[in-house]
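A quick write-up on the structure given underneath.
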Amino acid sequence: MRYILAVPMKAFFDVLEQLYRKVLLGATLENENHDYIFYLNPSSLDQDCSTAPSSECPDPHGVQDKHQPSSANLATISVVPVCLKKHSPICSAREVMLLQLTVIKVMITRILSVETDFRAKEKYRDIIKILLKSSDIDSKLTCMFQNSDKLLSHMAAKCLALLLYFQLREKITFSNSWIAFCQKNLSEYPENEKAVYCLWTLTVIIKEIFKDTCSQKTEILKQFLTPFDTIFEVFYSSLFSQHFESCQDTSKIINSLICSLELLELLIASRIHLKLHFTCQRILFLKPSCVLDIITWPVQAFVKRKFIIFIKKCLLWKVGEDLFRGSSPVVMPPDQHLDVDILALADAVLRAVDLGLLRTLSVHGKPPCFGGDEIQPTCEHVPGPDHVILRAASLLIIKSVEIKFQSCASAHEMKVDLQSFMCELLTFLKPHLQPSLQSHNPCEWISKVFIEQDDDMLEAAKASLGIYLKLTRRGFQQCLAYSSLTVSSLISPARVPGWGNLIGPLGSQIHVENSHCSQKHEALTGQSRSRAHPWRRTWKERKETT
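Numbered according to full-length UniProt numbering, the sequence shown terminates at residue 546, and the numbering increases by one at each position without gaps.
Right, dumping it as structure tokens:
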């Protein structure tokens with residue numbers, strides 16, 4: 001029988017518990033580093049002791065680092081058989097694993113904290129570095145977070161993400177096995193269902209980058225995204241090209257959609273706030289129809305709600321604002337590349353509306369309420385629309401129109417588009433607004449739709465005002481251009497060669513066709529049209545005399 005250096009389960013747990021309490025307080029550890037490695041290494045426990053081990057995980061025969069901890073300082077060490085489950089309950093092995101992961105997690109958190117004592121922080125840093133070198137811990141955690149035990153899986157994924165972020169901070173090269181694991185699973189989706197684990201880990205790492213107070217966030221994120229830039233585009237196309245109706249287990253698709261949406265939001269937030277331009281950060285803007293199609297899928301209302309709100313936040317430049325609170329500028333500096341991408345997204349939204357997006361969008365069902373959508377048995381359920389979707393869809397269209405008009409040069413084209421999209425929107429809203437819309441005020445619908453959400457009402461009002469100003473200014477500028485041409489021709493025809501025989505009829509035609517524009521011009525400049533008449537008579541008289 002094979003033997004390794006081991007300790008009784010109870011003593012093992014007690015030592016870990018003492019270590020956890022010290023690290024939680026940020027206390028300096030006095031023992032040798034290898035003494036702690038023995039207790040933190042997942043190989044110290046046989047895989048058979050776990051509650052539901054993965055069939056793909058290798059069986060670690062013993063501890064790779066066989067340095068014996070000091071019995072005086074840590075615990076009495078004895079030689080016992082490798083599998084401890086014969087001597088302790090299975091639940092104890094699970095508890096020890098969870099405590100191991102917790103200690104590693106807290107230790108890395110202490111390393112990243114500015115409040116940790118320098119001497120203690122250096123000790124923790126050395127222990128984690130030795131742990132990374134002395135054991136293939138990332139592979140072991142990768143196996144562990146595929147465990148059917150959800151709590152163990154969650155803790156393993158969280159611990160792995162922090163270890164990977166620690167390597168980024170310390171400029172330690174990633175393990176090729178973990179990169180290969182992610183690339184393989186993401187590229188083989190949907191045949192390979194392990195992509196969700198990769199998405200979750202990537203999401204946690206990017207969140208840690210955002211939370212960090214260091215000044216090298218951009219460089220760290222750039223280093224992290226480089227191996228996954230191309231492969232995420234492949235996964236994105238595979239995920240959103242599925243046929244939801246033909247899938248037998250829709251819960252797995254929904255889980256993948258939610259995980260990918262969270263990661264996508266972080267990638268776009270990093271694009272806005274950290275000024276990087278990877279393909280994976282632009283994938284939504286390069287292929288916006290993929291995400292817009294989800295809104296028409298027969299999925300639960302909360303999935304549609306999440307995607308509509310996500311697109312709305314993208315158009316408003318509010319993606320990731322909660323992650324950068326207090327550290328991002330109130331007014332973002334201009335970004336020409338991002339402006340182009342936002343315009344592409346707005347155009348895609350309006351094209352989808354043209355194709356009947358609002359006519360296929362269902363807003364019926366249980367409306368979301370504070371505390372959930374369940375009502376007490378004694379209360380009567382009052383059917384009504386999902387006002388969250390109504391607000392988000394309305395603001396989505398208004399903001400898309402405003403963004404499109406910013407690059408539109410024709411006032412006539414803007415008026416036609418505005419009439420078309422507003423007709424679609426009001427037709428969509430009318431059956432769901434009680435009391436129904438009246439014709440007393442053309443902006444009445446804004447207060448009815450956004451009455452329960454001040455932030456969205458403010459954004460809707462700003463977008464509506466922006467559309468109004470763009471229309472009036474563009475129309476006035478075109479009128480002003482015609483009027484200016486008439487006035488300049490009347491003032492100095494001799495300065496325009498070859499215009500002698502044309503300027504009179506052209507000026508007269510422009511003046512007649514744009515008399516209402518001239519009135520606006522007069523109101524703006526304070527000059528009356530009568531002042532131009534003496535010039536016209538003088539020029540005609542001068543022309544007749546010559």
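We treat Cβ as the ideally placed atom computed from N, Cα and C, and that holds for glycine.
All of these numbers come straight from a predicted model, not from anything done at the bench.
Cβ neighbour criterion (16 or more within 10 Å) applied to residue i
i	result
Ile451	exposed
Gln248	exposed
Gln300	exposed
Arg391	buried
Asp35	buried
Glu208	buried
Gln419	exposed
Val416	exposed
Asp454	exposed
Phe118	exposed
Pro431	exposed
Val349	buried
Val114	exposed
Leu25	exposed
Lys10	exposed
Val340	exposed
Asn176	exposed
Ser251	exposed
Pro298	exposed
Leu338	buried
Thr116	buried
Ser43	buried
Leu186	buried
Asn192	exposed
Rounded distance between the beta-carbons of residue j and residue i, thought under 8 Å
i	j	result
Gln146	Lys194	7 Å
Val15	Tyr39	6 Å
Cys159	Leu131	Rounded, the Cβ-Cβ distance is 11 Å, inconsistent with contact.
Ile268	Cys314	6 Å
Ser394	Leu429	7 Å
Ile127	Ile37	7 Å
Leu266	Gly320	7 Å
Ile108	Leu163	7 Å
Proximal residues to residue i (C-beta, below 6 Å), its chain only, five neighbours per side dropped
i	result
Thr218	Leu274
Ala161	Thr201, Val204 and Ile205
Thr360	Thr296
Met144	Ala156
residue 555	Outside the displayed span of the chain (1 to 546) sits residue 555, for which this structure offers no information.
Ile111	Lys121, Tyr124 and Arg125
Leu433	Lys448
Trp178	Asp138
residue 549	The chain is shown only over 1 to 546; residue 549 falls outside these bounds and no answer can be derived.
Ser153	Phe145 and Asn147
Lys211	none
Residue i and residue j closer than 8 Å at C-beta
i	j	result
Leu316	Ile403	no
Ile467	Phe405	yes
Leu357	Ile446	no
Leu168	Phe232	no
Val103	Tyr165	no
Ala27	Ala120	yes
Leu263	Lys123	no
Leu292	Ala352	yes
Close Cβ partners of residue i (< 7 Å) along its chain, the five nearest in sequence each way excluded
i	result
Lys86	Interpretation of Lys86 is limited by its pLDDT of 40, a score under 50 that renders its predicted location unreliable; the figure taken from the coordinates is listed afterwards. Cβ within range, chain order: n/a, list empty.
Cys182	Cys198 and Phe228
Leu101	Met155, Ala156 and Cys159
Met422	none
Sequence-distant residues of its chain with Cβ nearer than 8 Å to residue i (five each side left out)
i	result
Cys259	Val196, Leu199, Trp200 and Thr203
Leu221	Ile206, Ile209, Ser270, Leu274 and Leu276
Tyr189	Ala195, Phe235, Ser238, Leu239 and Ser256
Phe13	Ser92, Glu95, Val96 and Leu99
Ile172	Lys129, Leu132 and Phe166
Cys214	Arg169 and Ile220
Val106	Tyr20, Val23 and Leu24
At least 3 beta-carbon pairs within less than 8 Å: the stretch 295 to 312 vs the stretch 218 to 237: no
Inter-stretch contact at 8 Å, needing at least 3 Cβ pairs: the stretch 385 to 405 / the stretch 451 to 460: yes
Three or more C-beta pairs below 8 Å linking the stretch 126 to 140 and the stretch 90 to 102: no
Segment contact, 8 Å Cβ cut-off, at least three pairs: the stretch 276 to 288 with the stretch 353 to 366: no
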